[in-house]
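These protein sequence lines map, in sequence, to chains A and B.
Per our numbering, residue 3 is the first one in the first sequence, and the count goes up by one each step.
Per our numbering, residue 3 is the first one in the second sequence, and the count goes up by one each step.
Heads up, the beta-carbon is just placed ideally off N, CA and C, and yes, glycines get one too.
2 protein chains.
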Amino acid sequence: MHSFTEENYLKALYKLQEINGDPVATSALALVLGVHAPSVTDMLKRMAHKKLVSYQKSKGSRLTEKGRQVAVGIIRNHRLWEVFLVEKLEFGWDQVHEMAEQLEHINDEELVNRLDKYLGFPKADPHGDPIPDANGVVPKSRSVLLATLEPGQDGIFTGVSDHSPAFLNYLDKSGLALGDKIRIKSIEEFDLSYTLQLKGKKIVTVSHKVANSLLIST
Amino acid sequence: MHSFTEENYLKALYKLQEINGDPVATSALALVLGVHAPSVTDMLKRMAHKKLVSYQKSKGSRLTEKGRQVAVGIIRNHRLWEVFLVEKLEFGWDQVHEMAEQLEHINDEELVNRLDKYLGFPKADPHGDPIPDANGVVPKSRSVLLATLEPGQDGIFTGVSDHSPAFLNYLDKSGLALGDKIRIKSIEEFDLSYTLQLKGKKIVTVSHKVANSLLIST
DNA sequence: TAATATTATTAGGTTACCCTAATTACTAAA
DNA sequence: TTTAGTAATTAGGGTAACCTAATAATATTA
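See below:
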């Protein structure tokens with residue numbers, strides 16, 4: 003139906019729209035896709051012709067509804083396969099991204115719906131990212147970055163905004179795990195590091211950089 | 003590493019070599035790949051350059067050892083994914099081919115080895131085709147076509163040589179299933195149809211065409 | 001072995017996606 | 001509001017796979 007390249011452009015456009023809002027700069031796409039700007043211009047024209055994006059020269063681009071549907075479908079695939087890799091094949095959450103990048107392009111509705119069922123209709127992937135449903139509805143995440151909270155507040159660690167293996171690996175060693183109930187004990191003034199108390203009374207301190215990558219639902 | 007197209011050429015070459023022996027005709031490849039002969043010549047030259055096939059103009063082509071390794075790896079992937087689709091996602095054996103054609107190109111050793119383990123190291127796919135091991139060793143099948151056997155002989159129905167959904171569907175309805183113990187009661191002279199007795203004393207008659215598509219291990 | 005039929009290759013062209021270098025369009029500062 | 005700086009586009013090419021039409025090589029049969 004669509005080429006892998008097209009699908010990757012759509013996914014990138016979707017994610018950039020999520021973060022920075024509507025018209026997405028050609029250079030932003032070029033950066034995340036690892037190609038040069040003229041290639042993006044080229045591709046956007048072809049995709050506009052297929053009604054997957056709307057594009058006005060030098061004004062940026064955005065997904066059409068059709069394009070959004072495709073993008074969300076791919077994200078659904080990606081996240082369900084990640085759950086499969088972690089839950090069934092016992093990969094670490096820091097190992098699954100590249101594999102899911104390939105598996106997400108497998109084009110079969112029935113397959114992904116059966117996979118969804120097989121996995122027990124999970125709501126989120128191993129990093130806490132919400133899994134769109136079969137109709138393209140994306141659950142709204144209600145979580146905020148730890149770095150936006152104040153001492154005394156508590157919540158549940160439900161996701162990460164940094165998916166790098168290095169960071170995920172660090173978390174594995176830190177003792178923090180998805181689903182942990184946390185309370186903010188204090189914030190160190192001079193370096194903005196956060197000291198947290200976990201459910202089991204365990205105390206963990208994380209840097210501001212880390213606090214900026216942890217999603218907490220309150 | 004290799005493009006999907008290359009991988010499909012390698013797989014086709016492997017299968018044609020299995021059936022007809024060594025140098026494979028350009029036209030044979032064109033036929034099974036659904037492309038025209040000049041495209042094959044073109045591609046073979048590129049692949050010869052990469053040492054995946056050996057090719058002499060107008061003399062046909064064959065896999066190099068390197069090419070064979072890649073081909074067998076893809077066949078391993080394909081068959082393991084088919085097992086997954088049937089055993090875990092509960093697809094019918096007549097439904098899984100197209101999906102596996104996509105999944106077979108997922109390029110990750112660790113993934114397929116874990117899948118293998120997850121599935122309990124199956125020896126054969128849902129159609130009875132042997133699954134190559136992680137070192138590229140393909141188990142030798144010892145089965146023969148039903149149509150080569152004589153009345154009185156018995157064996158086990160272990161595979162099919164026709165993978166079309168239509169045929170597989172017919173088998174589902176006929177009452178014959180992979181693993182069934184059978185005995186040949188008689189062969190009708192004028193149409194060469196076979197009458198079989200199954201383990202449970204059930205009697206089944208199949209046409210010569212069908213007898214030519216059933217693999218029996220004696 | 002010459003003539004014919006078949007099969008394969010070359011020649012020349014297309015499309016998708018990518019590139020670099022040159023140019024144009026926007027944006028922000030003076 | 002002109003100017004400088006940044007971002008985006010056009011121009012011109014490349015490669016992988018494909019195609020059709022024309023030619024060459026092999027195989028078959030008279």
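- Collapsing the DSSP output to three states places I21 of chain A in a helix.
- For the stretch 55-82 of chain A, the continuous beta strand (DSSP E) assignments of 3+ residues that do not extend past its boundaries occur at 55-57, 63-65, in sequence order.
- Not flagged as an interface residue toward chain B: L82 of chain A, since no C-beta distance is shorter than 9 Å.
- In the three-state DSSP reduction, A27 of chain B falls in the coil class, being neither helix nor strand.
- For a cut-off of 8 Å, the C-beta gap from V140 of chain A to P153 of chain A is around 33 Å, too long to register as a contact.
- Where V162 of chain A is concerned, the enclosing beta strand (DSSP E) starts and stops at 156-162.
- Here the alpha carbon of K203 of chain A sits roughly 28 Å from the alpha carbon of S166 of chain A.
- Residues of chain B with a Cβ closer than 8 Å to the Cβ of M101 of chain A are, in chain order, I108, D110, L113.
- For E92 of chain A, the nearest beta carbon of chain B is closer than 9 Å to its own beta carbon.
- R70 of chain A is classed as buried because its beta carbon has at least 16 other beta carbons within 10 Å across all chains shown.
- If you check each beta-carbon in the stretch 17-39 of chain B against every beta-carbon of chain A, none falls closer than 9 Å.
- Secondary structure note for L105 of chain B: its alpha helix (DSSP H) is the uninterrupted segment 99-105.
- Taking the beta carbon of R78 of chain A as reference, no residue of chain B falls within 9 Å; the closest one sits roughly 16 Å away.
- Cβ contact annotation for V88 of chain A (same chain, cutoff 7 Å, sequence separation greater than five): W95, V98, P128, in chain order.
- The residue among B:S60, B:K61, B:S41, B:T66 with its C-alpha nearest the C-alpha of H51 of chain B is B:T66.
- If you compare the alpha carbons of B:K175, B:Q155, B:H107 with that of M3 of chain B, the shortest gap goes to B:H107.
- Listed along chain A, the residues sitting closer than 7 Å to L105 of chain B by beta-carbon distance are I108.
- Not a single C-beta of chain B is nearer than 9 Å to the C-beta of R185 of chain A.
- Excluding the 5 residues flanking it on each side, A27 of chain A has same chain C-beta neighbours closer than 8 Å at G62, in chain order.
- By the Cβ-count criterion, E100 of chain B is exposed, with fewer than 16 other Cβ atoms from all chains shown falling within 10 Å of its own Cβ.
- Rounded to the nearest whole angstrom, the C-alpha separation of N137 of chain A and Y120 of chain A is 18 Å.
- For T197 of chain B, the uninterrupted beta strand (DSSP E) segment begins and ends at 196-200.
- In the three-state reduction of the DSSP assignment, V146 of chain A falls in the strand class.
- For P167 of chain A, DSSP assigns no beta-bridge partner whatsoever.
- The C-alpha of S188 of chain B is placed about 50 Å away from the C-alpha of S5 of chain B.
- P132 of chain B has B:A126 as its beta-bridge partners, per DSSP.
- The Cβ-Cβ distance between G161 of chain B and S145 of chain B falls below 9 Å.
- By alpha-carbon distance to L12 of chain A, the top candidate from A:I21, A:S29, A:V55 is A:V55.
- Taking the CA atoms as reference points, H80 of chain A sits about 32 Å from K17 of chain B.
- Contact annotation: in the stretch 182-210 of chain B, no residue has its CB less than 7 Å from a CB in chain A.
- Take the alpha-carbon of K68 of chain B and the one of Q104 of chain A: they are about 24 Å apart.
- For K47 of chain A, the enclosing alpha helix (DSSP H) covers residues 39-51.
- About 4 Å separates the beta carbon of G157 of chain B from that of T220 of chain B, a gap short enough to meet the 8 Å contact definition.
- Restricting attention to B:G181, B:F169, B:E92, B:F86, the CA atom closest to the CA of G130 of chain B is found in B:G181.
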